Structures are given as structure tokens and as C-alpha cells.
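Engineer: Start counting the sequence shown at 642; every next residue gets the next number (the working numbering).
Yeah, the Cβ is synthetic: ideal placement off N, Cα and C, and Gly gets one too.
Given the structure is predicted, the values throughout are model-derived calculations rather than measurements.
I'd like to ask some things about the structure below.
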Amino acid sequence: MAFYIWRITDGKAGHDSQSIGLCKAINRLKASECIDLPIQPSLTYFKNFFLKQFPLGNNLPDPNIIIGAGHSTHLPMLCAKRARGGKTIVLMKPSLPLSFFNTCIIPEHDQTTEKENVITTSGAINPVQFNENKSANTGLILIGGPSKHYRWNNKSILKQITQIINDCPDIKWTVADSPRTPDTALSGVSNLANITILNYKNTSSRTIREIIFKTGNIWVSKDSVSMIYESLSSGAAVGILDVEQNNNNKISDAINRLINEKQLSSFEMWKNTKYLIPASTKFNEADRCASLLQARGILA
């Protein structure tokens, strides 16, 4: 009997990374078909919820499970369930009560109360698979940008990147920016030797994940949390470009804890040793969550 997943998506790359990662992990356990459904204006869902309608799903097979990541997907998920059935799996801590969903998969830094329908993860789940055959002479530098938790400084980032590339001449480097990266951030990087620059406007998320999978040495700016966990999931040795914190918060605390546990290398640690510490723990949260869902009967 066919097993159908409705993936409710808000189109944001970080959220899609999580829901795609879970869908792929489920498919590795159980043959399934994932159907992507982009959200519409929220007022539509308020009306359709009470009418028990979900027009986006017209002419589609009923879902066995409904997956969504991001606050704007929560109401559409509930609307879809009310109209067509299926079990809901929400990724990240929802703005609605946890009891509204069949399963909530929540990063441990969100400090959720233990409940029967909650699965706690180390960071956000993602589609990147562990790769034991990394290329040791390849390097990737992933750059974020200003955020509410971090005070971005172009000059500091450029200085760190320059030192990394100059001190590791045997590694062929790729530098990739993101939608948050200031236009001037990479202006000085293009003059460095032995690098390839990828602009997010011309590079898909899938391409970046393929590079992450293959690359042995990865640096990520501290503000880019999802990229940090994708890099760890790949089995790479991961370093953190220093970005000044605006204040202490649960996300920065989680990253600092990984540094203290020697899962990540800070820039200061690397500067003293010129060595990136390989992660001592295998990160494969998507597959672990899929196995737990199966054990709990959610995939039946």
C-alpha cells in the first residue's frame, strides 16, 4: 500500500533543509512518495479549518503523514489533517501547543519539556548524509551575515578567511555566501589565490549540500547554525569563524557547547594549532528521528 507524505513548505531554505532531510530519512526506512505543498496566505487556512477544507490537496491522495517546518506552516498542517487525515510531524518548537501535533521534533537548545510526543535533537535535522570518504585537500567556507543574535563585521570575517586560505595552501578552497551576506563581504576574497567563489544567487541549496558531503575541511561563520549542523552531519572537520555575539542566547550557547566538547574548532583554537578537530560524534539526526517515528508507530 502506498505511503504518502505531504510536505508543507514556506519556501525558506533552512526550513526546507529540515523537512527534506526527514522525508529522505523516512524514505530510506519505508518506500514513500513526498508531495510538496507551498503555503498560501494564512487567512485562507482559518476559513478552511472551520470548513474542513484543504483546497491545495484537491486531487491528491490522502496523506499518511504531514510534515512542516516554520511557524507559518503550523496552521496549514492542522488544516490539512482536519480535512484529509494523516499524522502531523512539526519540526522546531511550534508556536501552538505541542499537543496540537502528533509528533514534535525539537532541537535541544529550545529546552522543551519532556512529553510523549516530543523527539529532541542535537541541532536542526538536515538531508546531509555522513561520508567516510572525504577529500582531505578540499575546503569550504560558508558565510552568513547580520542576524539578531550576532554583530557582523566584514573586516573581521575577511581577515579570518584570508589567514585560513594563506596558511593552508595545499587545500583547494570554495567560498560560498548566503542571502544574508553583505554585498561587500567578499570583495577582498576574490584577490586570493586557489579559491572558487559561489554566489547564492547562482547556486542552489542542493549544490551546496553536495559540496558539503564531499569536502573534508569546512569553515562556517558562527551565525549560520543550520550550515554548522549540515557540515557536522557530513563527517567533515568543522571550524567556526568568529562573529561577535549581541548577547547570550540558546543558539550561541549550543554552538559554544559543541566547541567545548571538541565537536567544533573555534578560530582561536585553529590559529594556535593549524588543525581542525574531527568531530568525535557521528551526527545523523534525520535517520535517528525516522527510526524513532517508526518505533512509535507513526509510519505504520
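Please go through the same chain and pick out, in chain order, the residues whose beta-carbon is closer than 6 Å to the beta-carbon of C675, but skip the five residues on each side of it.
Structural biologist: Within the same chain, C675 has close Cβ partners I646, R648, C664.
Engineer: Helix, strand or coil, according to DSSP, for N705 in the structure here?
Structural biologist: Coil, per DSSP.
Engineer: Taking DSSP as the reference, what is the three-state secondary structure of G786?
Structural biologist: Coil.
Engineer: What separation, rounded to the nearest whole angstrom, lies between the Cα atoms of C720 and S740?
Structural biologist: Taking the straight line from one Cα to the other gives about 15 Å.
Engineer: Give me the Cβ distance between V866 and S872, rounded to the nearest whole Å; I'm assuming they're in contact under 8 Å.
Structural biologist: Actually they are not in contact, since the Cβ atoms of V866 and S872 sit about 11 Å apart, beyond 8 Å.
Engineer: Sort out for me which residues DSSP pairs T762 with in a bridge.
Structural biologist: Paired residues: P748.
Engineer: Just the C-alpha distance for N699 and F691, rounded to the nearest angstrom, thanks.
Structural biologist: Straight-line Cα distance between these residues: approximately 17 Å.
Engineer: With 16 other CB atoms within 10 Å as the buried threshold, where does D928 fall?
Structural biologist: Its Cβ being crowded by 16 or more others within 10 Å, D928 is buried.
Engineer: Could you tell me which uninterrupted alpha helix (DSSP H) segments, each at least 4 residues in length, are contained entirely in the segment 647 to 676, listed from first to last along the chain?
Structural biologist: Listed in chain order, the complete alpha helix (DSSP H) runs (minimum 4 residues) inside the segment 647 to 676 are 654 to 670.
Engineer: Closest to P919 by CA distance: which of N689, L940, T856 is it?
Structural biologist: Ranking the options by Cα distance to P919, first place goes to T856.
Engineer: Give every residue of the same chain whose Cβ lies closer than 8 Å to the Cβ of I892, excluding the five residues on either side of it in the sequence, and list them in chain order.
Structural biologist: Here the set comprises H750, H790, V866.
Engineer: Strictly under 9 Å for the Cβ-Cβ distance: is T844 near chain D by that measure?
Structural biologist: The structure shown contains no chain D, having only a single protein chain.
Engineer: Grouping DSSP H, G and I as helix and E and B as strand, with all else coil, what is Q770?
Structural biologist: Here Q770 sits in coil by DSSP.
Engineer: So L940 and K671 are in contact, right, with Cβ under 8 Å, and what is the actual spacing, rounded?
Structural biologist: The pair is a contact, with the Cβ atoms about 5 Å apart (cut-off 8 Å).
Engineer: Per DSSP, what kind of secondary structure is Y916 in: helix, strand or coil?
Structural biologist: Three-state result, Y916: coil.
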